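Notes follow the structure.
Here it is as structure tokens:
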């Protein structure tokens, strides 16, 4: 018998059913088909999702920061500027979950927060989170050196105000988002604010930019703003007001200086003030820009306008004499003066600030004539100088005036105005009857405005205002050495509850200088002086004097009044220092 | 035929390598320009900071304080001022 091989043994023949192999074949085919379909899906319709995932890891949109414009004074000195400050941002999708504890500890130390707080922030669901705003540049550098993936340093700007308290009410300040909140920062927000740009970049594993793909939006820096304010004059006005408030134990004070040739506001000072660089514990009192937002009854500072209206209509002349007397009865309450006068000329009525005299002049006019002039010089209307919150005060329509109103409005009761409006109104006397537009922006050149009274009346009134500061006037303390000055004092009772307070006053002085060719108008207000005299001539006039003298010297205005002849021995140095100027060309003014 | 394929393959290889090299160079240049721009920003900022410092040091309040208290200077008065006028 022929032996059978192992493989050919019929007993060992394995007969498998055909379906098993077919099933196997089908399953393999199916699995490959699934893989193929998945590949097709990933390449085709499902591609966007995966592409987005890939881009998220490597591409980023970064902000291109734009800086806010600077604010400069009239001489180009910086009074508000933006400086860089660094912010630390975490891109939580890029920060590794297994970040070394030592790095977390170092980062927390640098950021001056606790480790647990930092961990909480890094686990935050938001992909981008500020770890800290406005850190010092050295701290930012140290954080950068830690090289933690996903931790980025962003540049933001912080506003600084070098003049501090002296300029606070003029410039105002910005908030954390760099938006203007007060003063010029608020008024000129649109011009000052820059617009940040955006760019698309490719970053590497450590978050460093390796390629720029596109600039989506170009950044645009804010425009610089040049104001009409002179830092030096502003400082001396601020200082003079501050000293007066402290000396007289007053509640507050304000002053404004106007250049009457260009209509520029040279200084606008308030006390109490605040430091715009450190605005913790700010109170509303400190924030108030009293010069523009507080209205008050102007008291005697109103008299020049009443008398001007009468001069303009030819009702009186500066030399017209009038019987004054101790009392003048109009309505239920008699009008009185601080001292009884017998007979005064119109000029003396202004010089002595007689209420009775002014009321008597007023009652010779129809109310409309007075109202017309008051309105023409800007009372009752908010001045348009682009300052937030500038108020217009109240001037009731003349149709509603009864004789008592007319007599009292004539000397500044029953009408309200801001110190700024008052200063603007006095510019009419300085500009020979023209009311020029005022501005807070640098604006050179002689300005013109509508005529509201004749030059003759304005000049006559200037002469009367000079008398006020001379012997026998109410404000001899307003005199500034070397310059002829003129102005008017005012002292008014403050309103309290339903009537006037018996012992709360406001003291004012508004005036112009130098009188031979007026250059500036200065208005000063001291609120509630409690120590010593409360009269404008004693409280506000010295402030006026200090501001006028210094301002005119700063503006290089040559004195127009006789000054004490200088002793030549004091000026020996001049003799040595003049070779550059030809001796024939030099003459001494005085 | 074989030679042509080989030369094309070599050309392709050279092109691929030069592309990589060009990209590398572009990145390097980009990083350099980024660094230069950063430096420009930093210098601008420094200029602003110095301008601010100068302004803080030269503000009226500080000058007045130094003049009065350290240098013992007195305010000018008209009687001690010589006004010069140029004769036309």
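Chains as they are written, first to last, in the working numbering: chain A, 1 to 590; chain B, 591 to 678. Glycine included, every Cβ here is placed at the ideal spot set by N, Cα and C. As the structure is a computational prediction, the values presented were derived from the model and not from experiment.
*Can you tell me which of the three DSSP states residue 262(A) falls into?*
Coil, per DSSP.
_I'd like to confirm the pairing. Which residues does DSSP put opposite residue 153(A) in its beta bridges?_
Within the DSSP secondary-structure output, residue 153(A) pairs in a beta bridge with 88(A).
*Pull up the CB-CB distance for residue 220(A) and residue 66(A), whole angstroms please, since I reckon it's below 8 Å.*
The Cβ separation is near 6 Å, so the contact holds.
*To which residues of the same chain is residue 12(A) closer than 6 Å at the C-beta, ignoring the five residues directly before and after it?*
Close CB contacts of residue 12(A) within its chain, under the 6 Å cut and outside five residues either way in sequence, are absent.
*By a C-beta neighbour count over all protein chains shown, 10 Å radius and 16 as the cutoff for buried, is residue 8(A) buried or exposed?*
By the Cβ-count criterion, residue 8(A) is exposed, with fewer than 16 other Cβ atoms from all chains shown falling within 10 Å of its own Cβ.
*Give me the Cα-Cα distance between residue 534(A) and residue 491(A), rounded to the nearest whole angstrom.*
Approximately 7 Å, taken between the alpha carbons.
_Within chain A, partners of residue 660(B) - CB distance below 7 Å_ = Those do not exist, as residue 660(B) stays about 18 Å from chain A at its closest Cβ, beyond 7 Å.
*Could you run through the segment 636–651 of chain B and flag, in chain order, every residue whose CB is less than 7 Å away from some CB of chain A?*
Residues 638, 639, 641, 642, 645, 646, 649, 650 and 651.
*Keeping to the same chain, check which residues put their C-beta closer than 6 Å to that of residue 398(A); ignore five residues upstream and five downstream.*
Closer than 6 Å at the Cβ level, and outside the excluded window around residue 398(A), lie 367, 368 and 371.
*Give the C-beta separation of residue 153(A) and residue 86(A) to the nearest angstrom, bearing in mind that I take them to be a contact with Cβ-Cβ under 8 Å.*
The distance from the Cβ of residue 153(A) to that of residue 86(A) is about 5 Å, consistent with a contact at the 8 Å cut-off.
*Could you work out which residues of chain D lie near residue 624(B), taking near to mean beta carbons separated by less than 7 Å?*
Of the protein chains in the structure, A and B, none is chain D.
*Can you give me, in chain order, the residues of the segment 598–618 of chain B that have a beta carbon less than 7 Å from any beta carbon in chain A?*
Considering only beta carbons, the part of the segment 598–618 of chain B lying closer than 7 Å to chain A consists of 617, in chain order.
*Go to residue 466(A), then tell me how far its alpha helix (DSSP H) extends in each direction, as first and last residue.*
Note, residue 466(A): alpha helix (DSSP H), 455–469.
*Is there a Cβ from chain B that is less than 8 Å from the Cβ of residue 166(A)?*
When Cβ-Cβ separations below 8 Å define contact, residue 166(A) makes contact with chain B.
*If you scan the segment 42–89 of chain A from start to end, which runs of the alpha helix (DSSP H) of 4 or more residues do you find wholly inside it?*
Here the runs fully enclosed are 47–58.
*In chain B, which residues lie less than 7 Å from residue 231(A) when you measure between Cβ atoms?*
Here the neighbours are 650.
_Within chain B, the residues that residue 553(A) reaches when beta carbons sit closer than 7 Å_ = Near residue 553(A) (Cβ distances below 7 Å), the residues of chain B are 666.
*Within the same chain, show all residues whose beta-carbon is closer than 6 Å to that of residue 151(A), passing over the 5 residues directly before and after it, in chain order.*
Excluding positions up to five away in sequence, the list reads 90.
*Considering only residues of the same chain and omitting the five flanking positions on each side of residue 22(A), which have a CB-CB separation below 7 Å?*
Within the same chain, residue 22(A) has no close Cβ partners at all.
_With 16 other Cβ atoms within 10 Å as the buried cut-off, status of residue 484(A)_ = It is buried - the Cβ of residue 484(A) has at least 16 other Cβ atoms within 10 Å.
*Tell whether a beta-carbon distance below 8 Å holds between residue 667(B) and residue 481(A).*
Contact: yes.
*asked:* Beta carbons nearer than 9 Å to chain B: which residues of the segment 66–84 of chain A have them?
replied: Those would be 67, 70, 77, 78, 79, 81, 82, 83 and 84, in chain order.
_Cβ-based neighbour list, residue 99(A), same chain, cut-off 8 Å, excluding 5 preceding and 5 following_ = Excluding residues within five positions, the ones whose Cβ falls inside 8 Å are 122 and 148.
*Anything in chain B within Cβ reach of residue 514(A), meaning under 9 Å, just list it in chain order.*
Chain-ordered listing is empty here: chain B has no CB closer than 9 Å to the CB of residue 514(A), the nearest sitting near 11 Å.
*Mind listing the chain B neighbours of residue 162(A)? Cutoff is C-beta to C-beta under 8 Å, in chain order.*
The answer, in chain order, is 642, 645, 646 and 649.
*What first and last residue would you give for the alpha helix (DSSP H) that runs through residue 6(A)?*
Residue 6(A) -> no alpha helix (DSSP H), and no H or E assigned at all.
*Name the chain B residues that come within less than 7 Å of residue 274(A), Cβ to Cβ?*
Simply none; closest approach about 15 Å.
_Would the segment 252–260 of chain A count as touching the segment 504–520 of chain A if we require 3 or more Cβ pairs under 8 Å?_
Yes: the two stretches touch, three or more of their Cβ pairs being nearer than 8 Å.
*Return the chain-ordered list of same chain residues with a C-beta closer than 6 Å to the C-beta of residue 189(A), the five sequence neighbours on each side being excluded.*
180.
*Among 216(A), 205(A) and 212(A), the one whose alpha carbon lies nearest that of residue 198(A)*: The residue with the shortest Cα to Cα distance from residue 198(A) is 216(A).
_Contacts that residue 235(A) makes with chain B (C-beta to C-beta distance below 7 Å)_ = Going along chain B in sequence order, the residues near residue 235(A) (Cβ under 7 Å) are 650 and 651.
_6 Å Cβ shell around residue 95(A) - same chain, five flanking residues per side excluded_ = For residue 95(A), where only same-chain residues beyond five positions count, the Cβ hits under 6 Å are 122 and 150.
_Neighbourhood of residue 242(A) by C-beta distance below 6 Å, restricted to the same chain and skipping five residues each side_ = The residues are 271.
_Assess contact between the segment 191–206 of chain A and the segment 55–73 of chain A, defined as three or more Cβ pairs (one per stretch) separated by less than 8 Å. Is contact present?_
Contact holds: three or more Cβ-Cβ distances are below 8 Å.
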